[in-house]
Each structure stands twice: as structure tokens, then as C-alpha cells.
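Structure first, then comments.
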Amino acid sequence: MSNQVESVVDRLEALKREQGGAVLLFRLGDFYESFGTDALVVSQVCHVGRCSRPRVGWLAGIPYHRLDESVRRLQQAGYRVAVCQQETNEAGERVERWKSY
17 MSNQVESVVD RLEALKREQG GAVLLFRLGD FYESFGTDAL VVSQVCHVGR CSRPRVGWLA
77 GIPYHRLDES VRRLQQAGYR VAVCQQETNE AGERVERWKS Y
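So this is what it looks like as C-alpha cells:
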């Protein structure tokens with residue numbers, strides 16, 4: 017595994033710990049994406065497709081307009097959910113904003 021991929025995997029694992037083991041969703045364009053085992057959960061519970069990419073693993077995406085419905089489904093299935101959106105602050109820096117459900 018390359019160092020770049022290891023750092024992504026390490027970062028995802030650290031975020032998962034920081035968010036108390038919640039299913040992580042990241043806003044990327046018009047979708048909320050999940051990765052790894054979270055992608056498998058999201059795919060099954062929210063009835064969305066998943067794919068696997070070399071060196072990245074499982075991915076599943078939820079269209080942005082289905083976020084509320086998908087969070088509700090995940091909660092009803094017993095999962096906690098944490099959603100990350102990247103925003104630009106007043107200094108022009110990109111910052112992550114997390115919302116937990």
C-alpha cells in the first residue's frame with residue numbers, strides 16, 4: 017500500500033474514532049460519499065449502489081437531496097451518523113464542519 021493511501025486510511029480511521037464510531041458521510045459535489053465498511057453499510061441500508069476502486073476500497077454515494085432520508089434510515093437501523101461539509105472561512109481557508117445525528 018502506498019504512503020498516500022495509508023495516510024488516507026489512517027485519516028479515515030482517526031476521524032471514525034473522533035466521531036465515536038459513527039457512519040461518516042463527506043459532501044463531495046452533489047453527493048455525500050462514504051468509504052470502506054461505512055460504504056457497505058450505506059449501500060445496504062440506504063439502497064444505493066457501491067463500487068470498489070483500486071487502492072481505495074469500497075465507496076458509496078448518496079445524492080445530496082436524499083441526505084435527510086438516508087440519515088433517518090441509518091438511525092432506524094441503529095447507526096449514528098456524522099456528516100462533514102467543507103466550507104471556506106472568512107480568511108479563505110477550507111475548514112471541515114461536522115454535524116452528528
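Heads up, the final residue of the sequence shown is numbered 117 in my numbering, and it's a clean run with no missing numbers.
In this text, a Cβ means the ideal position worked out from N, Cα and C, and glycines have one as well.
Integer Cβ distance of residue i from residue j, believed to fall under 8 Å
| i | j | result |
| --- | --- | --- |
| A98 | A38 | 4 Å |
| G52 | L31 | Rounded, the Cβ-Cβ distance is 11 Å, inconsistent with contact. |
| R89 | V61 | 5 Å |
| S68 | V58 | That pair is no contact at about 14 Å. |
| L56 | C100 | Wrong, their Cβ atoms sit about 19 Å apart, outside the cutoff. |
Sub-9 Å separation of residue i and residue j beta-carbons
| i | j | result |
| --- | --- | --- |
| Y80 | D54 | no |
| R66 | W74 | yes |
| Y117 | G77 | no |
| R113 | E103 | yes |
Residue i (DSSP reduced to helix, strand or coil)
| i | result |
| --- | --- |
| V97 | strand |
| Q91 | helix |
| Y80 | helix |
| S23 | helix |
| R110 | strand |
| R69 | strand |
| A30 | helix |
| Q35 | coil |
Range covered by the beta strand (DSSP E) that runs through residue i
| i | result |
| --- | --- |
| V39 | 39-44 |
Residue i - containing alpha helix (DSSP H), residue span
| i | result |
| --- | --- |
| V57 | 53-62 |
Per DSSP, the bridge partner or partners of residue i
| i | result |
| --- | --- |
| L103 | One point to set straight first is that residue 103 is Glu, not Leu, in the sequence displayed. E103 is bridged to V111. |
| Y48 | R43, I78 |
| S116 | A98 |
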